[in-house]
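Top to bottom, those sequences are chains C and U.
Take the first sequence: its letters are residues 1 to 115, numbered as in our numbering.
Take the second sequence: its letters are residues 116 to 228, numbered as in our numbering.
Cβ coordinates follow ideal geometry from the N, Cα and C atoms, glycine included.
Here the structure is a predicted model, which is why all the values come from computation and not from measurement.
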Amino acid sequence: EPEVTQTPSHQVTQMGQEVILRCVPISNHLYFYWYRQILGQKVEFLVSFYNNEISEKSEIFDDQFSVERPDGSNFTLKIRSTKLEDSAMYFCASSVEQGATGELFFGEGSRLTVL
Amino acid sequence: SQQGEEDPQALSIQEGENATMNCSYKTSINNLQWYRQNSGRGLVHLILIRSNEREKHSGRLRVTLDTSKKSSSLLITASRAADTASYFCATDAVQGGSEKLVFGKGTKLTVNP
Numbered sequence: 001e002p003e004v005t006q007t008p009s010h011q012v013t014q015m016g017q018e019v020i021l022r023c024v025p026i027s028n029h030l031y032f033y034w035y036r037q038i039l040g041q042k043v044e045f046l047v048s049f050y051n052n053e054i055s056e057k058s059e060i061f062d063d064q065f066s067v068e069r070p071d072g073s074n075f076t077l078k079i080r081s082t083k084l085e086d087s088a089m090y091f092c093a094s095s096v097e098q099g100a101t102g103e104l105f106f107g108e109g110s111r112l113t114v115l
Numbered sequence: 116s117q118q119g120e121e122d123p124q125a126l127s128i129q130e131g132e133n134a135t136m137n138c139s140y141k142t143s144i145n146n147l148q149w150y151r152q153n154s155g156r157g158l159v160h161l162i163l164i165r166s167n168e169r170e171k172h173s174g175r176l177r178v179t180l181d182t183s184k185k186s187s188s189l190l191i192t193a194s195r196a197a198d199t200a201s202y203f204c205a206t207d208a209v210q211g212g213s214e215k216l217v218f219g220k221g222t223k224l225t226v227n228p
């Protein structure tokens, strides 16, 4: 069964360093998302992406964050200068239908630890 | 803001019992979805119910939706230890052209063998 894959599964980085989290969405999906979950807390929307551009972003998704679909298969989240509070599980998701009209398929997540 | 809130925050039951989790939300929706998350893993879609539906079944899952009360419930019948997980409701937004799915805080279900 097709699945969303994410790498790395866990990354430890020093505060101020740049981090790139990678995702391979399901191949026929058109809509892509990043969510994050701070340990034990709710799953928070970061950004949605369609047709090679951001379609919606949350207030969390500030200038330190960027997304890219560099080669038609990968979908990346970059955090330019990490802060301690960026420590969280980051989930990539993709869907066939727009936004919340249908099922989102999530990856297993990338755990980011900022020291 | 558009958000689902689950209740209770945590639920512990014995295998074979039924588990009921509730979700309340604030504004009008097109649909409401339930997801499951095993500890440290990704979210898995369970069921979607549209605003014009009142009840939906999928295996041992039963979801109800009451748009007048802005609430939904997820019932898991004849629970198993493998049902131990966190369960989240997620809602869309009708107004403003928002595309995002907004998740609640989740109910942590423990099914004891």
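Just checking my contact of residue i with residue j at CB under 8 Å: how many whole Å lie between their CB atoms?
i: methionine 136 of chain U; j: serine 188 of chain U; result: 7 Å
i: valine 47 of chain C; j: valine 24 of chain C; result: Going by Cβ atoms, the distance from valine 47 of chain C to valine 24 of chain C rounds to 17 Å, so no, they are not a contact pair.
i: valine 226 of chain U; j: threonine 192 of chain U; result: Their Cβ separation, rounded to whole angstroms, is 12 Å, which puts valine 226 of chain U and threonine 192 of chain U out of contact at 8 Å.
i: tyrosine 90 of chain C; j: glycine 109 of chain C; result: 6 Å
Work out the CA separation of residue j and residue i for me, nearest whole Å.
i: leucine 13 of chain C; j: threonine 113 of chain C; result: In the sequence on display, residue 13 of chain C carries threonine and not leucine. Cα-Cα distance, rounded: 6 Å.
i: isoleucine 20 of chain C; j: glutamate 130 of chain U; result: 42 Å
i: threonine 222 of chain U; j: tryptophan 149 of chain U; result: 11 Å
i: serine 77 of chain C; j: valine 67 of chain C; result: It should be noted that the sequence gives leucine, not serine, for residue 77 of chain C. Each residue's Cα considered, the two are about 5 Å apart.
i: serine 94 of chain C; j: isoleucine 26 of chain C; result: 7 Å
i: serine 58 of chain C; j: glutamate 132 of chain U; result: 39 Å
i: glutamate 97 of chain C; j: lysine 185 of chain U; result: 24 Å
i: alanine 205 of chain U; j: leucine 158 of chain U; result: 11 Å
i: arginine 69 of chain C; j: threonine 7 of chain C; result: 15 Å
i: leucine 147 of chain U; j: asparagine 52 of chain C; result: 27 Å
i: arginine 22 of chain C; j: leucine 39 of chain C; result: 20 Å
i: proline 2 of chain C; j: leucine 30 of chain C; result: 14 Å
i: leucine 190 of chain U; j: glycine 16 of chain C; result: 45 Å
i: aspartate 63 of chain C; j: arginine 156 of chain U; result: 28 Å
i: glutamine 11 of chain C; j: cysteine 92 of chain C; result: 15 Å
i: isoleucine 79 of chain C; j: phenylalanine 65 of chain C; result: 5 Å
i: leucine 176 of chain U; j: phenylalanine 49 of chain C; result: 32 Å
i: leucine 161 of chain U; j: serine 127 of chain U; result: 20 Å
Using 10 angstroms around the beta-carbon of residue i, count the other beta-carbons present and answer buried if the total reaches 16, otherwise exposed.
i: leucine 115 of chain C; result: exposed
i: proline 248 of chain U; result: Since the first residue shown for chain U is 116 and the last is 228, residue 248 of chain U is missing from the structure and cannot be characterised.
i: threonine 82 of chain C; result: buried
i: aspartate 71 of chain C; result: exposed
i: serine 219 of chain U; result: Looking at the sequence provided, one finds glycine at residue 219 of chain U rather than serine. Buried: at least 16 other Cβ atoms inside 10 Å.
i: arginine 36 of chain C; result: buried
i: glutamate 18 of chain C; result: exposed
i: glutamine 117 of chain U; result: In this predicted model, glutamine 117 of chain U has a pLDDT of only 47, less than 50, meaning its place in the structure is not dependable; the value taken from the coordinates is given anyway. Per the 10 Å Cβ criterion, buried.
i: serine 201 of chain U; result: buried
Runs of beta strand (DSSP E) lying entirely within the stretch 177-225 of chain U, each at least 3 residues, in chain order: 186-191 and 200-206
Cβ contact (3+ pairs, closer than 8 Å) linking the stretch 170-187 of chain U and the stretch 80-94 of chain C: no
Alpha helix (DSSP H) segments (min. 4 residues) lying fully within the stretch 45-94 of chain C: none
Any beta strand (DSSP E) of 3 or more consecutive residues that is wholly inside the stretch 120-166 of chain U: 120-122, 125-129, 134-139, 146-152 and 158-165
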